[in-house]
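Under our numbering, the residue at position 201 of the sequence shown is numbered 334, and the numbers go up by one with no gaps.
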Amino acid sequence: MHAFCTLVRRELGAHFFSWTGYVVIAAVLFLIGFSFHSLIRDLNTEATDRPLTEVFYLTMYFWVILWIAAPVITMRSFAQEKYSGTFETLMTTPVSDLQVVLAKFTGAMLFHLLMWLPLIGCLFIIRHFSHDSSVLKPATIISTFTGMLLLGSVYMALGCLASSLTRSQIIAAILTLVGGISLSLLSLVSLTLTSKAGWQAQLFSYIDLIEHMQDFARGVIDTRALVFFVSATFFLLFLTLRVIESRRWKP
């Protein structure tokens, strides 16, 4: 456990000792601020019965933040280690391959969580000035951030997998970006399918990230979404572990 915690601190610290971490935080702060400026302007002209969290989630800014942040946060996880020649040194330390993969993933998730913290402040500022407690309920905030954490875990795991496949951070970032956008676009397929489509409609509804996040933003925690996000995260991390272990198969 001590070795794992050391690796997590090393991974998390790397984000704050490089320019990429501060660029991500600055970009996220800008997009969150800009999106809430737009939300306030729109809400002043047209009222809505939707929770504020759902209104924010339905904007494109939320997805753009996720699409951009995931590649930048995870691109260095394994690719930088391979490029700098420290990968083999890391893997010969008294830690298992699984510990390394989980430490990389945990470090990325912690930074991802810190990245979204300013959002809480924005939500409470709007609630304070709206003088309406129904605009933002604590239960809705909890469910929304639970959904964002689970959705983020899928994207961080995807980024770790992409980074393990190459020694180029740029290629890792591109793979994560393309994969992340593709996952989101798959959600749109369910909109084109009717109930007559049978199992195809059920399948795409099950992997519909947009629908799952919309439920979380409304304050609804669906067990189907929980199972999907956790399963997808574990599957991607399993693939990452297999890629890391494949170095032993080479002659």
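Using N, Cα and C, we set each Cβ at its ideal position, and we do this for glycine too.
- A contact between stretches requires three or more CB pairs, one per stretch, nearer than 8 Å, and the segment 161-178 fails this requirement with the segment 284-295.
- Note that the C-beta distance between Trp200 and Leu310 is below 8 Å.
- Residue burial is scored here from C-beta neighbours: Ile275 has fewer than 16 other C-beta atoms within 10 angstroms and is therefore classed as exposed.
- Sixteen is the threshold: when 16 or more other Cβ atoms of the shown chains lie within 10 Å of the Cβ of Leu374, as they do, the residue is buried.
- Scanning the segment 137-202 from its first residue to its last, the whole alpha helix (DSSP H) runs of 4-plus residues come out as 152-178 and 185-191.
- Counting C-beta atoms within 10 angstroms of its own C-beta, Ile206 has 16 or more neighbours from the protein chains shown and is therefore classed as buried.
- Taking a contact to require three or more Cβ pairs closer than 8 Å, the segment 339-350 and the segment 217-234 do not qualify as touching.
- For Gly218, the number of other beta carbons within 10 angstroms of its own is below 16, and it is reported as exposed.
- The beta carbon of Leu282 sits closer than 6 Å to none of the beta carbons in its chain outside the five residues before and after it.
- Annotated as proximal: Leu342 and Ser317, with beta-carbon spacing under 8 Å.
- Proximity to Thr239 across Leu321, Ile165, His148 and Thr192 peaks at His148, based on C-alpha coordinates.
- In this structure, the alpha-carbon of Thr277 lies about 13 Å from that of Ala358.
- Relative to Leu291, the option among Ser151, Leu235 and Ser171 whose CA is nearest is Leu235.
- Per DSSP, Thr299 lies in no alpha helix (DSSP H) and is assigned neither H nor E.
- Judged by DSSP in its simplified three-state form, Asp230 adopts helix.
- Cβ-Cβ separation between Met193 and Ser296: approximately 26 Å, too far for a contact (criterion under 8 Å).
- With a 10 Å radius around the Cβ and a threshold of 16 neighbouring Cβ atoms, Ser364 comes out exposed.
- Judged by beta-carbon spacing, Ala160 lies beyond the 8 Å limit of Ala305, meaning their Cβ atoms are not closer than that value.
- By the 16-neighbour rule on beta-carbons within 10 angstroms, Glu221 is exposed.
- For Ile343, the enclosing alpha helix (DSSP H) starts and ends at Leu342 to Arg351.
- Arg375: member of the alpha helix (DSSP H) spanning Thr356 to Glu378, first to last residue.
- When the five nearest sequence neighbours on each side are left out, the beta carbons in the same chain lying within less than 7 Å of the beta carbon of Val141 are those of Ala236, Thr239 and Gly240, in order along the chain.
- Of Ser338, Leu252, Tyr339 and Ala202, the smallest CA-CA separation from Tyr190 is found for Leu252.
- Spatial neighbours of Ile354 in its own chain (CB-CB distance under 6 Å, excluding positions within 5 residues in sequence) are listed in chain order as Ser276.
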